[in-house]
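This report refers to the structure that appears directly beneath it.
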DNA sequence: GCGGACTGCTTACCT
DNA sequence: ACAGGTAAGCAGTCCGCG
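Residue numbers (this note's numbering): 2 to 819.
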């Protein structure tokens, strides 16, 4: 079987080149098609003398903004760059869609799906087992109309078809460094590559090592199968390239910006001809001539991925952090930062470990990550290289454009949408935001036993579905729809046509709720299939959670703020009505945020009544999401701790959990969590409260007596989100510390995490903050730490009715004592 | 010159 | 480069203070 994994423009044949993965030979094959020509559309007749034009024809498209057919000129040109240049032509449209994307959309190429070569054609190859499962799904949704049935079939086939076991290798290199605080520059590539390690899912672990003067081999690291030594660096690189060519997929961590880029420029510098280098270097990415390069750093940095698929388990996107969070393995910690000084043993071991964990990030949990990428490739209809690097908005744009093309709908321009649909009508609570968002109920502070959390399943996507929302249906052109308003906003919604977004997002949402969520928990399925279903479920979740937000984002090509605003408004309407109903049933609503409510020990029959009422009223499933033994609500919004009936501790928004909090306070917080985990009854809580008090008292004394073990335990860890000279308005503490580091020759760039301690002005020469690396014990401002300890723990001490000053420190006023 | 009240900036979080 | 809402701490500004 041939799986389509990539598509790109090939200038040599002025056509499209598809990369196909052959799961029998485990090699990439290429399919070239030069019959497809680039084109764009325009409403005005293009002048005759534009020399790139091959053909122009008048075609009919459906204008969804105005609900009528329009005639537009389809202008075919002799090569894709002419489409790029069409911005000179008045009213050129659909000219921003890349050539290879046009090919995929117009020819309906199913990315990531199985094909076969037959009679000189590339034909989709149906799979009987998958097709019968799809029929099973469809039989569950019989009551739906034709459009919806078709969408279900389309989505389901993308997610039900199996994926092959992709043969792949991971690569990591170590380069000689002159300055331990600086990363070698890949563009100049002046320093030699000391070692390259390749680890593969076909059982190879090979280290390519450059022989360095004065070093001897005394010990072979235990994580390699084969070590090849080279006296000449160019031979080393060529061997690495050969091995790379044996594998259709190459996995790196930051290979776009470092490993592959370095190898390419280093090879050129050593006189290796371009032809023999398998790498193509672009401005921001590195690709392979024959294979597919996946840069996991890019993939794990995709915000939606991080939050929805991996539940923000990793706090930054470094290999060490991601690997520790997902597979429980990290980089090898070493004292030595000078690669050149490391023994062969240490160098190889370090490098191979990186290659190993990089590979394992794609293999753990039955190839979860690679399967996630394949499913997103299928849903978005983008090549692997794009889907693994670009953000969720480009995935959504991609399948939206595909659906427009398939249905012969003219794709509206952002200007048009803005002009026809108008602006927002609500005022945001936060200054500078475009419209009003969700409701957060003020929580009732205190420790509450027996609390249920109820929530709406995928509220915002459900609103798309139920209320028929999309750019075409909001403020539609029909007079008779103008009365169809919901809630507080003046926008009306079309009653005549179904919005494309409503159909696409709605069907995806139903498929997730009624099929994949159930299948992912099905005990009777074998493990592999179960994980596959859970990955399908997760990939839908990622797309859906972003689907509302993109319509409120200027960067999105179908940006339509009234749609986003209306969805938020309907959500407020739904949750407020639900809270009122719950209260009218006598329930005690303690808290609520956006799509959920916390209820104190509701009687079963009242609960059932509320659930039924919401289903009837809004057509959206409202169900018990969590049951807490007890919840400590701090009185602040988005800020609580709860212990579920299964004994899991949920911490939301508390400072003790935040990544900038010093480790010493964090670990005290985690100890507190352990104590709270065991509490079953209000009586036990009284005992635990005493334990917590003495625990915090211990930390307090550690500060007071300056008895902490390491300075690192005191460090605040804050990210500089931009380059240092871009802080124009204020200079926050972490930036001050960052500047001190920079002055010492450290690399500080956007995204660097700064570890600093708070210092005493009088002791530290007028400085209130210092990088932990440069700070001395006696400079620490212990009072600042005690203040921070206080405010961190007050978030749970208050609901537990413990006073920091009186019960922990044992005085009436903290200030007096200080 | 220094503090308190205030606003705004910045980061990390929640849904 | 999916949205808006929230907590927290600090930077910077203004004003009063004989």
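Think of the CB as a built atom: it goes at the ideal place given N, C-alpha and C, for glycine as much as any other residue.
With 16 other Cβ atoms within 10 Å as the buried cut-off, status of residue i
{"i": "residue 817", "result": "With a pLDDT of only 48 at residue 817, under 50, the local geometry of the prediction cannot be trusted, and no value is derived from it."}
{"i": "residue 35", "result": "exposed"}
{"i": "residue 146", "result": "exposed"}
{"i": "residue 730", "result": "exposed"}
{"i": "residue 1", "result": "Not covered by the structure: residue 1. The range shown for the chain is 2 to 819."}
{"i": "residue 276", "result": "exposed"}
{"i": "residue 551", "result": "buried"}
{"i": "residue 798", "result": "buried"}
{"i": "residue 14", "result": "exposed"}
{"i": "residue 547", "result": "buried"}
{"i": "residue 45", "result": "exposed"}
{"i": "residue 909", "result": "The structure shown does not extend to residue 909, since the chain is modelled only from 2 through 819, so no value can be given for it."}
{"i": "residue 127", "result": "exposed"}
{"i": "residue 819", "result": "Its pLDDT being 46, under 50, residue 819 is placed unreliably in this model, and the value from its coordinates should be taken loosely. Exposed, by the Cβ-count rule."}
{"i": "residue 130", "result": "exposed"}
{"i": "residue 394", "result": "buried"}
{"i": "residue 273", "result": "buried"}
{"i": "residue 117", "result": "exposed"}
{"i": "residue 699", "result": "exposed"}
{"i": "residue 809", "result": "buried"}
{"i": "residue 525", "result": "exposed"}
{"i": "residue 416", "result": "exposed"}
CA-to-CA distance, residue j to residue i, given in whole angstroms
{"i": "residue 806", "j": "residue 789", "result": "13 Å"}
{"i": "residue 362", "j": "residue 172", "result": "13 Å"}
{"i": "residue 690", "j": "residue 667", "result": "18 Å"}
{"i": "residue 195", "j": "residue 263", "result": "12 Å"}
{"i": "residue 370", "j": "residue 310", "result": "10 Å"}
{"i": "residue 254", "j": "residue 244", "result": "18 Å"}
{"i": "residue 479", "j": "residue 491", "result": "15 Å"}
{"i": "residue 230", "j": "residue 242", "result": "15 Å"}
{"i": "residue 754", "j": "residue 4", "result": "40 Å"}
{"i": "residue 365", "j": "residue 449", "result": "39 Å"}
{"i": "residue 437", "j": "residue 487", "result": "15 Å"}
{"i": "residue 136", "j": "residue 38", "result": "37 Å"}
{"i": "residue 672", "j": "residue 125", "result": "56 Å"}
{"i": "residue 93", "j": "residue 59", "result": "14 Å"}
{"i": "residue 407", "j": "residue 572", "result": "32 Å"}
{"i": "residue 768", "j": "residue 708", "result": "22 Å"}
{"i": "residue 211", "j": "residue 778", "result": "43 Å"}
{"i": "residue 719", "j": "residue 772", "result": "11 Å"}
{"i": "residue 217", "j": "residue 345", "result": "8 Å"}
{"i": "residue 160", "j": "residue 102", "result": "21 Å"}
{"i": "residue 451", "j": "residue 399", "result": "46 Å"}
{"i": "residue 377", "j": "residue 761", "result": "52 Å"}
{"i": "residue 305", "j": "residue 604", "result": "38 Å"}
{"i": "residue 67", "j": "residue 477", "result": "7 Å"}
{"i": "residue 164", "j": "residue 514", "result": "23 Å"}
Residue i - partner residues in DSSP beta bridges
{"i": "residue 597", "result": "456 and 594"}
{"i": "residue 301", "result": "None; residue 301 has no bridge partner."}
{"i": "residue 208", "result": "198 and 228"}
{"i": "residue 390", "result": "Answer is none; residue 390 lacks a bridge partner."}
{"i": "residue 74", "result": "43 and 59"}
{"i": "residue 448", "result": "633"}
{"i": "residue 93", "result": "43"}
{"i": "residue 281", "result": "288"}
{"i": "residue 328", "result": "Paired residues: none, contrary to the question."}
{"i": "residue 641", "result": "634 and 653"}
{"i": "residue 251", "result": "170 and 294"}
Nearest-angstrom beta carbon gap, residue j and residue i [assumed within contact, 8 Å]
{"i": "residue 104", "j": "residue 29", "result": "Between residue 29 and residue 104 the Cβ distance is about 18 Å, and since that is not below 8 Å, they are no contact."}
{"i": "residue 373", "j": "residue 539", "result": "7 Å"}
{"i": "residue 748", "j": "residue 178", "result": "11 Å between Cβ atoms; not a contact."}
{"i": "residue 251", "j": "residue 292", "result": "6 Å"}
{"i": "residue 379", "j": "residue 545", "result": "At roughly 15 Å, the Cβ-Cβ gap does not stay under 8 Å, so residue 379 and residue 545 are not in contact."}
{"i": "residue 83", "j": "residue 199", "result": "That belief does not hold up - the Cβ atoms of residue 83 and residue 199 are roughly 42 Å apart, past 8 Å."}
Residue i CB to nearest heavy atom of the ligand GTP below 7 Å
{"i": "residue 149", "result": "The model on display carries no ligand, and the ligand GTP is accordingly not part of it."}
Q. Curious, which full-length beta strand (DSSP E) runs of at least 3 residues does the segment 664-729 contain?
A. If we require 3 residues or more, the beta strand (DSSP E) runs fully inside the segment 664-729 come out as 717-720.
Q: Could I get the ranges of all uninterrupted beta strand (DSSP E) runs contained in the segment 4-44, with 3 residues as the minimum, in chain order?
A: Counting only runs of at least 3 residues, the segment 4-44 fully encloses the following beta strand (DSSP E) elements, listed from N- to C-terminal order: 16-23, 28-34 and 40-43.
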